[in-house]
DNA sequence: GTAAGTACTGACATTCTTGTCAATATGTGA
DNA sequence: TCACATATTGACAAGAATGTCAGTACTTAC
């Protein structure tokens with residue numbers, strides 16, 4: 035950090051001769067590629083250092099471009115942040131719905147929960163989203179609405195189908211909603227304080243796994259009672 | 035925001051006459067009082083606007099002092115943040131242990147959980163702590179370790195006592211730990227994404243209450259099964 | 001009443017950060 | 001091969017944020 039190396043002496047010498055300078059041939063990417071690289075770098079910075087680490091110059095250096103290039107592609111810093119929100123939301127949505135939809139036959143809650151936790155902690159997605167939520171962004175149009183709705187719908191459909199197979203009454207929709215909320219809350223919470231808590235409790239990586247399993251079992255017991 | 039009103043014209047006139055200026059008599063507080071007021075304002079800003087809202091000038095304006103006064107009391111911005119961490123940690127600890135210790139006879143988990151949630155959501159404590167955790171502060175000496183340990187000890191003691199009364203076998207300690215972790219995770223998660231999720235699901239304030247009750251019931255069911 | 005200590009202030013210095021602009025280089029299509 | 005579109009850059013502008021400093025006013029101890 036802060037080894038900026040501004041080299042102020044160079045200012046007085048406007049490259050008068052450029053005797054042997056290698057000139058570092060300029061790289062030109064497609065707009066799409068450039069945007070992707072910039073978002074990747076921004077995501078990485080945000081996950082590691084938080085919003086205060088989200089500086090155009092730093093990101094530019096990570097990518098190997100100059101910071102005005104970022105402005106060129108995203109208009110403003112705010113535009114970059116919004117694009118990052120959008121991309122992260124989309125990724126999360128795909129990841130979650132994909133996990134729910136793929137193994138249509140599998141009714142085991144533990145698997146689903148595992149998927150949710152992984153989708154949120156992998157790549158620090160939860161931390162990233164937490165940042166955006168904490169900074170008050172993502173409040174406006176936010177796709178979060180749709181995502182949550184879709185998830186609950188998919189889950190409810192599964193439970194109803196399962197109930198029909200067993201001949202038990204269909205579960206309350208609010209119950210399904212609460213299950214989803216608790217899982218989401220717990221996953222976000224774990225992404226933020228999980229490491230601290232686990233450390234405080236003397237839990238190792240395996241202990242964290244046991245915790246997730248335990249959580250899945252608690253939910254499973256509940257499901258069996260409620261249908 | 036940003037209605038700064040710098041009034042640059044005043045610069046050229048060094049209060050030559052000071053004809054009718056009320057001069058706004060200077061207020062002098064005890065160091066302790068000043069520190070408290072500053073921390074209150076900082077906490078408020080942080081909870082409402084996130085880390086980017088934590089600017090010395092803003093906080094100073096909230097308190098009604100000049101920003102160098104803050105530096106006088108806390109040395110640096112970083113010093114202010116550390117002081118804020120310490121105070122928040124202490125408050126949370128008192129709040130949680132107080133809730134657990136007060137009604138020693140009451141074994142109802144719902145109450146405890148309600149207390150935990152309230153302790154964490156009050157004044158955005160959880161958001162504040164989340165920010166501190168996400169920025170990697172609080173990692174070093176952090177009292178979090180102690181807090182978690184104390185809570186689990188207190189809870190476990192209660193469960194064992196209860197088990198003795200009922201003549202059931204004492205619960206596993208790891209089970210108690212997991213209950214505490216899940217509650218903490220869920221509370222933190224709710225503090226961050228809860229509002230978004232509730233909104234997305236069309237839950238009003240009352241719905242959030244129902245959710246907490248539901249969660250308490252899930253845990254209660256678990257407790258009854260495990261002792 | 002006086003002296004000492006200190007909470008507090010305004011003005012300034014420094015550094016950082018976003019954003020603008022004119023110029024340049026590179027890929028693409030005719 | 002030439003023209004055009006645009007990705008990219010260095011230099012600069014403007015403003016914001018923390019931090020420094022000398023001085024001011026209030027409290028307290030003697």
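Residue numbers (my numbering), protein chains in the order written: chain A, 35 to 261; chain B, 35 to 261. Note that CB positions come from ideal geometry on N, CA and C, so glycine has one too.
Quiz item: For residue 163 (chain A), which option in B:94, B:78, B:227 has the closest C-alpha, if you only look at C-alpha atoms?
Solution: B:227
Exercise. Kindly list, in the order they appear in chain B, the residues whose Cβ is closer than 9 Å to that of residue 151 (chain A).
Key: Result: empty, since nearest Cβ-Cβ is about 10 Å, beyond 9 Å.
Quiz item: Going by the CB atoms, is the gap between residue 218 (chain B) and residue 131 (chain A) shorter than 7 Å?
Solution: no
Quiz item: Is it true that the CB of residue 144 (chain A) sits closer than 7 Å to the CB of residue 250 (chain A)?
Solution: yes
Quiz item: What did DSSP end up calling residue 238 (chain B) once you bin it into helix, strand or coil?
Solution: coil
Quiz item: Among B:123, B:259, B:109, which one has its Cα closest to the Cα of residue 205 (chain B)?
Solution: B:259
Self-check item: Selected residue, minimal CA-CA separation from residue 129 (chain B), among B:114, B:151, B:87, B:116
Solution: B:151
Self-check item: Under 8 Å (Cβ pairs) to chain B, residues found in the segment 154-167 of chain A
Solution: 161, 163, 164, 165, 167
Quiz item: Using a Cβ cut-off of 7 Å, which residues of the segment 75-94 of chain A contact any Cβ in chain B, in chain order?
Solution: 84, 85, 86
Quiz prompt | Selection of the segment 105-124 of chain A by Cβ proximity to chain B, strictly under 9 Å | solution = none
Quiz item: Going by C-alpha distance, which of A:134, A:62, A:167, A:245 is nearest residue 115 (chain A)?
Solution: A:167
Quiz item: How should residue 77 (chain A) be labelled, buried or exposed, when 16 other C-beta atoms within 10 angstroms of its C-beta is the threshold for buried?
Solution: buried
Quiz item: Using a Cβ-Cβ distance under 7 Å, would residue 35 (chain B) count as near chain A?
Solution: Annotation note: pLDDT 34 at residue 35 (chain B) (below 50); position unreliable, no value reported.
Quiz prompt | Against chain B: residues of the segment 189-206 of chain A by CB proximity under 7 Å | solution = none
Quiz item: Nearest to residue 236 (chain B) by alpha carbon, out of A:82, A:107, A:182?
Solution: A:182
Quiz prompt | Euclidean distance between Cα positions of residue 220 (chain B) and residue 90 (chain A) | solution = 34 Å
Practice problem: Compute the Euclidean distance between the alpha carbons of residue 98 (chain A) and residue 240 (chain A), then round it to the nearest angstrom. | Solution: 39 Å
Practice problem: With distances taken Cα to Cα, identify the nearest neighbour of residue 244 (chain A) among B:216, B:225, B:242. | Solution: B:216
Exercise. Measure the beta-carbon distance from residue 10 (chain A) to residue 223 (chain B) and round it to whole angstroms, keeping in mind my assumption that it falls under 8 Å.
Key: As shown, chain A starts at 35 and ends at 261. That puts residue 10 (chain A) outside it, with no answer to give.
Exercise. At 7 Å on the CB atoms, spell out the chain A contacts of residue 216 (chain B), in chain order.
Key: 220, 249
Quiz item: Which whole-angstrom value describes the C-beta separation of residue 186 (chain B) and residue 211 (chain B), a residue pair presumed to lie in contact below a C-beta threshold of 8 Å?
Solution: 5 Å
Quiz item: So, does the CB of residue 211 (chain B) fall closer than 7 Å to a CB anywhere in chain A?
Solution: yes
Quiz item: How do the segment 189-202 of chain A and the segment 103-117 of chain A stand: do at least 3 beta-carbon pairs fall below 8 Å, yes or no?
Solution: no
Quiz item: In whole angstroms, what is the alpha-carbon distance linking residue 60 (chain B) and residue 83 (chain A)?
Solution: 40 Å
Self-check item: Sequence-distant residues of its chain with Cβ nearer than 7 Å to residue 85 (chain A) (five each side left out)
Solution: 165, 169
Self-check item: Three-way DSSP call (helix, strand, coil) for residue 35 (chain B) in this model
Solution: Bear in mind that the predicted position of residue 35 (chain B) carries a pLDDT of just 34, short of 50, making it too unreliable to give a figure here.
Self-check item: Span of the alpha helix (DSSP H), counted from its first residue to its last, around residue 77 (chain B)
Solution: 65-83
Practice problem: In angstroms with no decimal places, state the Cα-to-Cα distance between residue 122 (chain A) and residue 81 (chain A). | Solution: 12 Å
Quiz item: Looking only at C-alpha atoms, which of A:203, A:72, A:124, A:92 sits nearest to residue 106 (chain A)?
Solution: A:72
Quiz item: When the cut-off is 7 Å and only beta carbons count, does residue 311 (chain A) lie next to chain B?
Solution: Since the displayed chain A opens at 35 and closes at 261, residue 311 (chain A) lies outside it and no answer follows.
Quiz item: If you compare alpha carbons, which of A:146, A:188, A:242 is closest to residue 209 (chain B)?
Solution: A:242
Practice problem: Please classify residue 161 (chain B): is it buried, with 16 or more other beta-carbons within 10 angstroms of its beta-carbon, or exposed? | Solution: buried
Exercise. Could you check which residue in B:65, B:225, B:214 has the C-alpha nearest to that of residue 146 (chain B)?
Key: B:214
Practice problem: State the DSSP-derived secondary structure class of residue 209 (chain A), mapped to helix, strand or coil. | Solution: helix
Quiz item: Taking 7 Å as the CB-CB cut-off, is residue 264 (chain A) touching chain B?
Solution: In this structure chain A extends from 35 to 261, so residue 264 (chain A) is not present and cannot be described.
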